[in-house]
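Trainee: To start, I am sharing the structure in question, which I have written as structure tokens.
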Amino acid sequence: MTTFSNLSIDVFHELTRVRTHPSSFADDMEKYLEQYKANNAFHRPNAVPLITREGRDACVEALNFLREQSPIESLNYSEGLSRAAQFLVNDTGSKGIIGHIASDESRF
């Protein structure tokens, strides 16, 4: 089972990779294009398809954009920011609240 901590670190590593190696990231992501179907549905193995508004064309546009980008510096991981995000999700997620305001109306 993936924990929030593991997921946040995985997302951080992917963001770092797309920033520092955008072209190779695009090359690796191209394999997912075949999972888009005519109705803009993204079909994932063993999961319900995701219906997107943009579909495959937007993905192709994003990949082409990444291939033209120069690498930029990586991000710095913040454990404190990660904990704050987890607190906000725990506080608001089940209540259907979205954004950066907690259920007690404090702001993040």
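Numbering (my numbering), first residue to last: 1467 to 1574.
From the three backbone atoms N, C-alpha and C, an ideal C-beta is built for every residue, glycine too.
1. To the nearest angstrom, report how far apart T1469 and L1554 are at their CA atoms.
2. Could you pull out every residue in the same chain whose Cβ sits closer than 7 Å to the Cβ of K1561, ignoring the five residues on either side in sequence?
3. Would you mind stating whether T1492 and R1519 have Cβ atoms separated by less than 7 Å?
4. Which partner residues of F1508 appear in the DSSP bridge assignment?
5. When burial is assigned at 16 or more other CB atoms within 10 Å of the CB, is L1529 buried or exposed?
6. Keeping to the same chain, check which residues put their C-beta closer than 6 Å to that of I1567; ignore five residues upstream and five downstream.
7. Which term fits P1537, buried or exposed, when burial requires 16 or more other beta carbons within 10 angstroms of its beta carbon?
Mentor: According to the structure data:
1. Here residue 1469 refers to the residue found at position 3 of the sequence shown. Here residue 1554 refers to the residue found at position 88 of the sequence shown. Taking the Cα positions, T1469 is about 16 Å away from L1554.
2. Residue mapping note: residue 1561 aligns to position 95 of the sequence shown, counting from 1. Closer than 7 Å at the Cβ level, and outside the excluded window around K1561, lie S1569.
3. Within the sequence shown, residue 1492 is the residue found at index 26, counting from 1. Within the sequence shown, residue 1519 is the residue found at index 53, counting from 1. The identity of residue 1492 in the sequence shown is Ala, whereas the question assumes Thr. Cβ atoms of A1492 and R1519: not closer than 7 Å.
4. Residue numbering aside, residue 1508 sits at position 42 when the sequence shown is read from its first letter. Beta-bridge annotation (DSSP): F1508 is paired with Y1502 and L1516.
5. In the sequence shown, residue 1529 corresponds to position 63, counting from 1. L1529 should be labelled buried.
6. Position 101 of the sequence shown holds residue 1567. Cβ neighbours of I1567 beyond the five flanking positions: R1573.
7. Start at 1 with the first residue of the sequence shown, and residue 1537 comes out as number 71. With fewer than 16 other Cβ atoms within 10 Å, it is exposed.
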